[in-house]
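Report on the structure given below.
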Amino acid sequence: MFKEKISFRIKGKEADFIEGTDIRALGQSLVSFQKMIEKVYLYSEGRAKMTDSDYENLKIQLQNPRSGSWTSDICIDLKSLVLPLTPFILQNSGDIMETIYNVYKFLIYKIKAKDEDKKLSIQITDNSGPVYVIHENDGSVIINTPPDIPQLSEELAPLIQKITKNIDGQAISEVEIGNSKDIIHFDLTDAQRFKTHTFTSDVPIKVSGIIRDAKADTYSGVIKITKSQDPQVIKGEEYHFSSQNLFSEEKFKSVYLIEHQFLIKKRIAIGPKNNFDGTVKSLIIDGFE
0 MFKEKISFRI
10 KGKEADFIEG
20 TDIRALGQSL
30 VSFQKMIEKV
40 YLYSEGRAKM
50 TDSDYENLKI
60 QLQNPRSGSW
70 TSDICIDLKS
80 LVLPLTPFIL
90 QNSGDIMETI
100 YNVYKFLIYK
110 IKAKDEDKKL
120 SIQITDNSGP
130 VYVIHENDGS
140 VIINTPPDIP
150 QLSEELAPLI
160 QKITKNIDGQ
170 AISEVEIGNS
180 KDIIHFDLTD
190 AQRFKTHTFT
200 SDVPIKVSGI
210 IRDAKADTYS
220 GVIKITKSQD
230 PQVIKGEEYH
240 FSSQNLFSEE
250 KFKSVYLIEH
260 QFLIKKRIAI
270 GPKNNFDGTV
280 KSLIIDGFE
């Protein structure tokens, strides 16, 4: 049998054990963390849904509530493991908190690299050590991670977003989850990181394309990409575009329906729905070649 105890705490003006705690924020955080534990359990056994026998096998209980900020222990009892042991369980020694912590660090490094529009690569290590990041001299980023963490992050990212959703820095200032080895402090910065957001890339890239739909009053429209060296801007795809006051009426007419080279910036949407990989939603024409 595996046993694990994880401390769970909510801090903020509306998170007081005596005066009262916002039950919506508390309930959403607890249920989301319960589902994270279940996702790790299911992933370890190569399945997608909990069954009645799984709920009998995996017991998750709240114990020892304490005064001050709302604090309690989450006790996990895993009665038995299906044999043979999966590589995932052997790799992680049954430590659910360590696995969740590694997923959290992996996503933090990934989101930061994507928000800064840096070239990102993921390198799978052969051991069960921590996730860590390497910043290369060329500005690129390498995330070194144990096996399975990138795949598991796709399952846990939406649940982390739900935990951080109610953190506003005032009513709920922090959600803390951890044990003696690994502690996650979800704070207002995390709430901003994990919500779906859009940003503009800093460095213009060169593409060729044909403006096939144009609005002369706003110098915007739709462009079909014919050449691109950026993996996020796909040849053959069409994107809505706007411009940075670069066009005159004559210039706009001269490039309409004619293949032309442009310098563009990307408007990228990033969030758990695309596993924080980022999706180009539109383009900004920043110059001509």
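First residue of the sequence shown? That's 0 in numbering that gives the first Met the number 0, and the numbers climb one at a time after it.
The C-beta atom is built at its ideal place from N, Cα and C for all residues, glycine as well.
Which residue marks the beginning of the alpha helix (DSSP H) containing residue i, and which one marks its end?
i, result
"residue 26", "22 to 43"
"residue 110", "95 to 114"
"residue 164", "148 to 164"
"residue 253", "248 to 254"
Just reading off the beta strand (DSSP E) that residue i is part of, what are its end residues?
i, result
"residue 63", "57 to 65"
"residue 262", "259 to 269"
"residue 10", "1 to 10"
"residue 124", "Element bounds for residue 124: n/a, residue is neither H nor E."
"residue 286", "278 to 287"
Using DSSP's beta-bridge definition, name the partner residues of residue i.
i, result
"residue 119", "140"
"residue 132", "142"
"residue 76", "2 and 58"
"residue 237", "223"
"residue 50", "According to DSSP, residue 50 bridges with nothing at all."
"residue 167", "Beta-bridge pairing links residue 167 to no other residue."
Taking the beta carbon of residue i as the centre, do at least 16 other beta carbons fall within 10 Å, making it buried, or is it exposed?
i, result
"residue 123", "exposed"
"residue 218", "buried"
"residue 83", "Bear in mind that a pLDDT of 43 at residue 83, under 50, signals an unreliable position, so the number given afterwards is only what the model happens to contain. Exposed, since its Cβ has fewer than 16 Cβ neighbours within 10 Å."
"residue 287", "exposed"
"residue 145", "buried"
"residue 112", "buried"
"residue 109", "buried"
"residue 213", "buried"
"residue 24", "buried"
"residue 289", "In the structure as shown, the chain begins at 0 and stops at 288. Residue 289 is therefore absent and cannot be evaluated."
"residue 208", "buried"
"residue 165", "buried"
At which residue ranges does the stretch 169 to 231 contain complete alpha helix (DSSP H) runs of 4 or more residues, listed in the order of the chain?
For the stretch 169 to 231, whole alpha helix (DSSP H) runs of length 4 or above, ordered along the chain, are 187 to 193.
Please determine if the stretch 109 to 117 and the stretch 228 to 241 are in contact, where contact requires at least 3 C-beta pairs separated by less than 8 Å.
Taking 8 Å as the limit for Cβ pairs, the verdict is that the stretch 228 to 241 does not touch the stretch 109 to 117.
Taking three-plus beta-carbon pairs below 8 Å as touching, is the stretch 192 to 207 in contact with the stretch 258 to 275?
Touching, yes, given that three or more Cβ pairs across the two stretches are closer than 8 Å.
With contact counted as at least three CB pairs below 8 Å, one residue from each stretch, are the stretch 148 to 164 and the stretch 28 to 42 in contact?
Yes: the two stretches touch, three or more of their Cβ pairs being nearer than 8 Å.
Flag this pair as touching only if the stretch 102 to 109 and the stretch 136 to 150 have three or more C-beta atom pairs under 8 Å; answer yes or no.
Contact between the stretch 102 to 109 and the stretch 136 to 150 is present, with at least three C-beta pairs closer than 8 Å.
Stretch pair the stretch 178 to 189 + the stretch 50 to 58: three plus CB contacts closer than 8 Å:
No: fewer than three Cβ pairs fall under 8 Å.
Can you find at least 3 beta carbon pairs, one from the stretch 6 to 16 and one from the stretch 160 to 175, that sit closer than 8 Å?
Counting C-beta pairs closer than 8 Å gives three or more between the stretch 6 to 16 and the stretch 160 to 175, which meets the contact rule.
Are three or more beta carbon pairs between the stretch 190 to 197 and the stretch 221 to 233 nearer than 8 Å?
Touching, no.
Inter-stretch contact at 8 Å, needing at least 3 Cβ pairs: the stretch 124 to 134 / the stretch 248 to 255
Between the stretch 124 to 134 and the stretch 248 to 255, the count of C-beta pairs closer than 8 Å stays below three; the two stretches do not touch.
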